[in-house]
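Take 4 as the starting number for the sequence shown in the numbering used here and just add one per residue.
For every residue, glycine included, the Cβ atom is placed at its ideal position computed from N, Cα and C.
In what follows, a structure is listed as structure tokens, so that the remarks can point back to it.
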Amino acid sequence: MDLRLFKDVIAVIRAEQERRASLLDGVDPDFALDHWHFIDQPFLNQLCLMLLVTLRHQVERELVGLAARAGHGSEEISVDQYRKNLNEFRNLNRQGWEQIEKTLELQSSKKYNLIQSLRHLANVYKHEPSTKPDYRLIASLELPTEVNFAPLPESDALWGRSR
Numbered sequence: 004m005d006l007r008l009f010k011d012v013i014a015v016i017r018a019e020q021e022r023r024a025s026l027l028d029g030v031d032p033d034f035a036l037d038h039w040h041f042i043d044q045p046f047l048n049q050l051c052l053m054l055l056v057t058l059r060h061q062v063e064r065e066l067v068g069l070a071a072r073a074g075h076g077s078e079e080i081s082v083d084q085y086r087k088n089l090n091e092f093r094n095l096n097r098q099g100w101e102q103i104e105k106t107l108e109l110q111s112s113k114k115y116n117l118i119q120s121l122r123h124l125a126n127v128y129k130h131e132p133s134t135k136p137d138y139r140l141i142a143s144l145e146l147p148t149e150v151n152f153a154p155l156p157e158s159d160a161l162w163g164r165s166r
């Protein structure tokens with residue numbers, strides 16, 4: 004996905020946030036607060052989560068492509084070898100990520116924890132029916148593990164940590 008598209012989606016989310024906030028102007032403050040907290044904010048958070056999941060998958064595609072080109076020192080690889088490597092990395096299961104991490108030496112990167120946090124966030128959002136964060140996501144965000152967090156779209160603590 005092109006970076007411009009991500010920026011455009013963020014602009015749409017911000018515009019929707021402003022639109023929804025403006026609809027609550029002049030409304031009973033108690034109603035407005037409840038409506039914002041229980042309807043508008045979770046909806047906007049869902050949009051952000053979908054964008055983050057998309058970002059995670061884009062990062063994943065980029066890493067697979069980099070891993071297919073890496074590990075050959077300074078020698079060039081042929082297009083056929085690149086395609087072969089790419090197919091091998093694409094068809095790897097969960098243990099395959101360990102091979103990609105090793106090939107790219109991701110653990111030594113300062114941004115690796117962010118990549119891991121995105122992976123945990125995407126997995127919780129896609130696979131956890133309650134969308135409550137699991138231990139791995141909480142630990143990767145360096146949040147207290149003894150706290151019982153709300154589901155991702157509703158958790159002020161998680162959203163406060165990510166901003």
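- Could you work out which residue in H123, E145, K129 is closest to D137 when comparing CA atoms only? For this step, residue 137 is matched to residue 134 along the sequence shown. The option with the nearest alpha carbon to D137 is H123.
- State the start and end residues of the unbroken alpha helix (DSSP H) segment that holds L52. What you label residue 52 is simply residue 49 of the sequence shown in a count that begins at 1. Counting along the chain, the unbroken alpha helix (DSSP H) around L52 starts and ends at 44 to 72.
- Query: Quick one: what does DSSP say P147 is sitting in, helix, strand or coil?
  - Reply: Along the sequence shown, read from residue 1 onward, the residue named residue 147 stands at position 144. In the structure shown, P147 sits in coil (DSSP, three-state: anything other than H, G, I, E or B).
- Task: Can you check the stretch 68 to 137 for any alpha helix (DSSP H) of at least 4 residues that lies completely inside it and give the ranges in chain order?
- Result: The alpha helix (DSSP H) runs lying completely inside the stretch 68 to 137 and spanning 4 residues or more are 82 to 93, 97 to 107, 115 to 130, given in chain order.
- Task: Using only alpha-carbon positions, find the residue among E79, P154, E104 that is nearest to Y128.
- Result: Walking along the sequence shown from the start, residue 128 turns up at place 125. That would be P154, whose Cα lies nearest to the Cα of Y128.
- To the nearest angstrom, how far is it from the Cα of F188 to the Cα of D83? With the chain represented from 4 up to 166, any question about residue 188 goes unanswered, as that position is not in the structure.
- Give me the Cβ distance between L107 and A142, rounded to the nearest whole Å; I'm assuming they're in contact under 8 Å. As a first step, residue 107 is located in the sequence shown; it is residue number 104 there, counting from the start. As a first step, residue 142 is located in the sequence shown; it is residue number 139 there, counting from the start. Going by Cβ atoms, the distance from L107 to A142 rounds to 22 Å, so no, they are not a contact pair.
- Task: Put Y25 into one of helix, strand or coil per three-state DSSP.
- Result: In the sequence shown, residue 25 corresponds to position 22, counting from 1. Note on residue identity: the sequence assigns Ser, not Tyr, to residue 25. S25 carries a helical assignment under DSSP once its states are collapsed to helix, strand and coil.
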